[in-house]
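Student: Okay, so the sequence shown: first residue is 0 according to numbering that gives the first Met the number 0, each after it adds one.
Just so you know, even glycine gets a beta-carbon here, dropped at the ideal spot from N, CA and C.
If you're wondering where the values come from, they're calculated on a predicted model, not measured in any experiment.
Below are the structure tokens for one structure; questions will follow.
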Amino acid sequence: MRVSLSWLKEFLPVELSADEIAHTLEMAGLGIEAVEEWDGDVIFDLEITPNRGDWLSVYGVARELSAMLNLPLKPLSITVSETETPITDLTKVRMDAPDLCPRYSARLVLDVTVGESPDWLKRRLKACGIRPINNIVDITNYVLLELGQPLHAFDFDTLRESHIIVRRARDGEVLYTLDEVRRELDSSMLVIADAERPVALAGIVGGLETAISPLTKNVLIESAHFTPSGIRRTARKLGIRTESSYRFERWVDPSGTVRAADRAAQLMAELAGGKVCQGVIDVYPLRIAPAQVSVRTERVRRLLGIDLSIEEVMALLRRLQMEVTVDGDTVHCLVPTFRNDIRFEADLIEEIARLYGYDRIPMTLPKGVFLRAGESERRKLENAVRQFLARLGLREVVTLSLTHPNAEARWGINAGANERWLKLRNPLTQDHTIVRTTLLPSLLSVIAHNFRNGVRDLWIFELGKVYRRGTIGDMSNTEPRRLGIVLTGSCYPVRWNLPPETGQADFFALKGIVEQLLAWLGITQVAFGHGEHPTFHPFRTAVVTVGGEAAGVLGEVHPRWLKEHDLPQPVYAAELDFEKLAAHAKLLRTFQPLPSYPATQRDIAVVVPEDFEVAKVLELVKRVGGEWVEQVTVFDEYRGAPVPHGFRSVGVTLTLRAKEKTLSSEEADKLVQRIKDAIRTELGLTTRG
0 MRVSLSWLKE
10 FLPVELSADE
20 IAHTLEMAGL
30 GIEAVEEWDG
40 DVIFDLEITP
50 NRGDWLSVYG
60 VARELSAMLN
70 LPLKPLSITV
80 SETETPITDL
90 TKVRMDAPDL
100 CPRYSARLVL
110 DVTVGESPDW
120 LKRRLKACGI
130 RPINNIVDIT
140 NYVLLELGQP
150 LHAFDFDTLR
160 ESHIIVRRAR
170 DGEVLYTLDE
180 VRRELDSSML
190 VIADAERPVA
200 LAGIVGGLET
210 AISPLTKNVL
220 IESAHFTPSG
230 IRRTARKLGI
240 RTESSYRFER
250 WVDPSGTVRA
260 ADRAAQLMAE
270 LAGGKVCQGV
280 IDVYPLRIAP
290 AQVSVRTERV
300 RRLLGIDLSI
310 EEVMALLRRL
320 QMEVTVDGDT
330 VHCLVPTFRN
340 DIRFEADLIE
350 EIARLYGYDR
360 IPMTLPKGVF
370 LRAGESERRK
380 LENAVRQFLA
390 RLGLREVVTL
400 SLTHPNAEAR
410 WGINAGANER
420 WLKLRNPLTQ
430 DHTIVRTTLL
440 PSLLSVIAHN
450 FRNGVRDLWI
460 FELGKVYRRG
470 TIGDMSNTEP
480 RRLGIVLTGS
490 CYPVRWNLPP
500 ETGQADFFAL
510 KGIVEQLLAW
520 LGITQVAFGH
530 GEHPTFHPFR
540 TAVVTVGGEA
550 AGVLGEVHPR
560 WLKEHDLPQP
570 VYAAELDFEK
580 LAAHAKLLRT
590 FQPLPSYPAT
600 QRDIAVVVPE
610 DFEVAKVLEL
620 VKRVGGEWVE
630 QVTVFDEYRG
640 APVPHGFRSV
650 GVTLTLRAKE
660 KTLSSEEADK
670 LVQRIKDAIR
680 TELGLTTRG
């Protein structure tokens, strides 16, 4: 908001320089974006905080300077010369929505002459960034800047039956606004209507049919107080933001409606030759009383660390135009209606600190016992997982939580059947209309973006939230964390001395990373089984289960999606449920003594069908071998003669060790034979060699 120094001086006898005034305003809490000279005047470009709607006027800023500098504030002199014709003989106002409009005031000015505004008025509007239009409209804008009260001027002769009705819009009603845009309304919106149709969008913008024109002779002045939430909701829904809505969304003093209407009527009589009808129509069904807030002086001293007497506290609060009474050590305040931000004792203490001066409060060290702050156990686990994956050679990426159904559909996730999507009510862009339900589309889009820019070796991961409908307050249910991993190309950025195939991403490299992570987390009950996922190859997808529950999926991205995104090499991805991993994690390490006896190894080659899960063989080996089987590792896979077509030979190494003795060759061979027999009888498979 732009405010001129000369205008401020009309209300305040301030002799400070522009820089000193800017510093005072900053100490009061207003942001100073710029101080500039304009046409022989000084303009302050102010940034107003959302809770201080009372600062959105020249008079409001002058009032704040008056309190900060303890200078007298000159009251605004308003004198209205009225005719003998009562306004109630010519028009009436009906209130049908008092919850959205607690107060509505109206003045009627007859026989105006619409023309150009005087130079002083145009100059002030231009200084504050508003384009002059004509004297009637310029007067409403002038009062808006001066007092912070948005006004609207209706061409009175265009109002059907000369009535004003404040009501909710009807679904499907249409209003052509001053910007010549057709607006379709609904019942959540408040409108100003005449006897037949809406003529203005309350508190936001007027209607085209009742706008002031060069032919206008009679003007109805609207000065009202609308509830901020209603204005904000309608403005966002229709995508409109005006000087009026900007102020109403923050707060406009409900006690100032009549004063602003009088000021506008006075100026229209002086500058447009109008005749002001007698009286004001003031409909005020829901009166807004000044807030009553108390503050304890002992509490002021303790929080601010300064020794203020009760008289000093009272004097500071009176500078804010509060009515103050005392009861012992407590000061009771009647807060003016233009300060809706003061509701609690802490608010008054903040005001006392501002007026006393933050720079005058001495610096002291805090006293007492402070609890040591730190990261939560969950955050520690997340950071530890990030560091572990980085040690494995992966790079962390962070992608947007916002996406679009089509973005997920482009990676095979059905855009029409996911009922868990949470849609944004007011998306900033059409590309970001929902929050993500999975990390995979975002991570795979990172791969596609890098490929387009010539980067083909990517081993990346992301640990972040996804979003879905669920129980309010249950973050693990509605905002669960997921761990996504994507591999393509080589894990070695530079490999001049290595064979080309070294470190290449494949299904087993991805599975190995997942296995290492789960082992590092201390999760033991892990199994991999055949699975399905729309993003992955139907025969190269595995489901990860932890403790018998599905905890994730991994696989090779389907060739269809690779072709659609022009990816010339295989891509492998995994998404794990981090909530379940965290629930099963056991990071407390226990000491394991070194083995006292040597181990021995034996190899078994098992012939299995192509679609057979080798994990079943490994589980059987561990079960039959018992505690002597220390480790089972797949070391080879062979296809070709003499293995029949449709089968493969899987080589498995058994590491055998007994805790109480050294195993003899005979004992090891007998155990291996028992395992082979179990493979034949229980699984129906044959062994080689």
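What distance in whole Å lies between the Cβ atoms of residue 204 and residue 108, which are believed to be in contact at a cut-off of 8 Å?
Tutor: Mapped onto the sequence shown, residue 108 falls at position 109. Mapped onto the sequence shown, residue 204 falls at position 205. About 21 Å; that fails the 8 Å criterion.
Student: Considering only the alpha carbon of each residue, which of 61, 102 and 366 lies closest to residue 285?
Tutor: Taking the first residue of the sequence shown as position 1, residue 285 is located at position 286. Closest option to residue 285, Cα to Cα, is 102.
Student: Can you check DSSP and say which residues form a bridge with residue 509?
Tutor: Position 510 of the sequence shown, counted from the start, is the residue given in the question as residue 509. Beta-bridge pairing links residue 509 to no other residue.
Student: Buried or exposed for residue 622, please, with buried defined as at least 16 other CB atoms from any protein chain shown within 10 angstroms of its CB.
Tutor: Mapped onto the sequence shown, residue 622 falls at position 623. Flag for residue 622 reads exposed.
Student: According to the neighbour-count rule (16 or more other Cβ atoms, all chains shown, within 10 Å of its Cβ), is residue 360 buried or exposed?
Tutor: In the sequence shown, counting from the first residue as 1, residue 360 sits at position 361. Exposed, since its Cβ has fewer than 16 Cβ neighbours within 10 Å.
Student: Are the CB atoms of residue 305 and residue 296 within a distance shorter than 7 Å?
Tutor: Reading the sequence shown from its first residue, position 297 is the one you call residue 296. Reading the sequence shown from its first residue, position 306 is the one you call residue 305. Not closer than 7 Å, so no.
Student: Helix, strand or coil for residue 154 per DSSP?
Tutor: The residue you call residue 154 lines up with position 155 of the sequence shown. Correct three-state label for residue 154: strand.
Student: Can you grab the Cα-Cα spacing for the pair residue 477 / residue 517, in whole Å?
Tutor: Sequence index remark: in the sequence shown, residue 477 carries index 478 (1-based). Sequence index remark: in the sequence shown, residue 517 carries index 518 (1-based). Near 24 Å, if we compare the C-alpha coordinates of residue 517 and residue 477.
Student: In terms of residues, what are the limits of the alpha helix (DSSP H) holding residue 456?
Tutor: As a first step, residue 456 must be located in the sequence shown, where it is residue number 457. Where residue 456 is concerned, there is no enclosing alpha helix (DSSP H), given that its DSSP letter is neither H nor E.
Student: Using only the heavy atoms of the ligand ATP, determine whether one of them is closer than 6 Å to the beta carbon of residue 611.
Tutor: This structure does not include the ligand ATP; it has no bound ligands of any sort.
Student: Given a cut-off of 7 Å on the beta-carbon distance, is the pair residue 231 and residue 248 in contact?
Tutor: In the sequence shown, residue 231 corresponds to position 232, counting from 1. In the sequence shown, residue 248 corresponds to position 249, counting from 1. Yes, Cβ-Cβ distance for residue 231 and residue 248 is below 7 Å.
Student: Which of the three DSSP states is assigned to residue 464 in this structure?
Tutor: Position 465 of the sequence shown, counting from 1, holds the residue named residue 464. In this structure, residue 464 counts as strand in the three-state DSSP scheme.
Student: Below 7 Å between beta carbons: does that hold for residue 544 and residue 526?
Tutor: Position 545 of the sequence shown, counted from the first residue, corresponds to residue 544. Position 527 of the sequence shown, counted from the first residue, corresponds to residue 526. Yes, the pair counts as a contact, with Cβ atoms nearer than the cut-off.
Student: Can you give the Cα-Cα distance for residue 658 and residue 581, rounded to whole angstroms?
Tutor: The count along the sequence shown starts at 1 and reaches residue 658 at position 659. The count along the sequence shown starts at 1 and reaches residue 581 at position 582. Computed Cα separation, rounded: 32 Å.
Student: Between the stretch 328-345 and the stretch 245-260, are three or more C-beta pairs nearer than 8 Å?
Tutor: The stretch 328-345, when compared against the stretch 245-260, does touch it at the 8 Å Cβ threshold.
Student: Can you grab the Cα-Cα spacing for the pair residue 280 / residue 260, in whole Å?
Tutor: The residue labelled residue 280 in the question sits at position 281 within the sequence shown. The residue labelled residue 260 in the question sits at position 261 within the sequence shown. The alpha-carbon atoms of residue 280 and residue 260 are separated by roughly 10 Å.
Student: Can you tell me whether residue 215 is buried or exposed, with buried defined as 16 or more other CB within 10 angstroms of its CB?
Tutor: Position 216 of the sequence shown, counted from the start, is the residue given in the question as residue 215. Per the 10 Å Cβ criterion, buried.
Student: With residue 57 and residue 15 assumed to form a contact (beta carbons below 8 Å), what rounded beta-carbon distance in angstroms separates them?
Tutor: As a position in the sequence shown, residue 57 is number 58, starting the count at 1. As a position in the sequence shown, residue 15 is number 16, starting the count at 1. With a Cβ gap of about 17 Å, residue 57 and residue 15 do not count as contacting.
Student: Quick one: which unbroken beta strand (DSSP E) runs of 3-plus residues sit fully inside the stretch 244-322? Chain order, please.
Tutor: Counting only runs of 3 or more, we get 274-277, 280-282 and 290-295.
Student: Is residue 515 helix, strand or coil by DSSP?
Tutor: Stepping through the sequence shown from its first residue, residue 515 is reached at position 516. Looking at residue 515 - three-state DSSP - the assignment turns out to be helix.
Student: Anyone know if the C-beta pair for residue 448 and residue 401 falls short of 7 Å?
Tutor: Along the sequence shown, read from residue 1 onward, the residue named residue 448 stands at position 449. Along the sequence shown, read from residue 1 onward, the residue named residue 401 stands at position 402. Taking 7 Å as the Cβ cut-off, residue 448 and residue 401 do not qualify as a contacting pair.
Student: So residue 575 and residue 549 are supposed to be a Cβ contact under 8 Å. How far apart are they, rounded?
Tutor: Along the sequence shown, one-based indexing puts residue 575 at 576. Along the sequence shown, one-based indexing puts residue 549 at 550. About 10 Å separates the two Cβ atoms, so there is no contact after all.
Student: State the DSSP-derived secondary structure class of residue 26, mapped to helix, strand or coil.
Tutor: Position 27 of the sequence shown holds residue 26. Correct three-state label for residue 26: helix.
Student: So is residue 111 buried or exposed if we call it buried at 16+ other beta carbons inside 10 Å?
Tutor: The residue you call residue 111 lines up with position 112 of the sequence shown. Counting Cβ neighbours within 10 Å, residue 111 comes out buried, since at least 16 surround it.
Student: Measure the C-alpha to C-alpha separation of residue 584 and residue 22 and round it to an integer number of angstroms.
Tutor: Here residue 584 is taken as the residue at index 585 of the sequence shown, counted from 1. Here residue 22 is taken as the residue at index 23 of the sequence shown, counted from 1. Straight-line Cα distance between these residues: approximately 56 Å.
Student: Starting from residue 65 and walking both ways along the beta strand (DSSP E), at which residues does that stretch end?
Tutor: For the purposes of this step, residue 65 is identified with residue 66 of the sequence shown, where counting begins at 1. Taken as a continuous stretch (DSSP letters only), residue 65 belongs to no beta strand (DSSP E), being part of the alpha helix (DSSP H) at 57-68.
Student: Report, in whole angstroms, the separation of the C-beta atoms of residue 599 and residue 662, which I expect to be a contact under 8 Å.
Tutor: One-based indexing of the sequence shown puts residue 599 at position 600. One-based indexing of the sequence shown puts residue 662 at position 663. At roughly 6 Å, the Cβ-Cβ gap stays under 8 Å, so residue 599 and residue 662 are in contact.
Student: To the nearest angstrom, how far is it from the Cα of residue 144 to the Cα of residue 138?
Tutor: One-based indexing of the sequence shown puts residue 144 at position 145. One-based indexing of the sequence shown puts residue 138 at position 139. Straight-line Cα distance between these residues: approximately 10 Å.
Student: On the criterion of 16 or more Cβ atoms from any shown chain inside 10 Å, does residue 507 qualify as buried, or is it exposed?
Tutor: Translated into positions along the sequence shown, residue 507 becomes position 508. Classification for residue 507: exposed.
Student: Where does residue 371 fall in DSSP's three states?
Tutor: Taking the first residue of the sequence shown as position 1, residue 371 is located at position 372. Residue 371 falls in the coil class under three-state DSSP.
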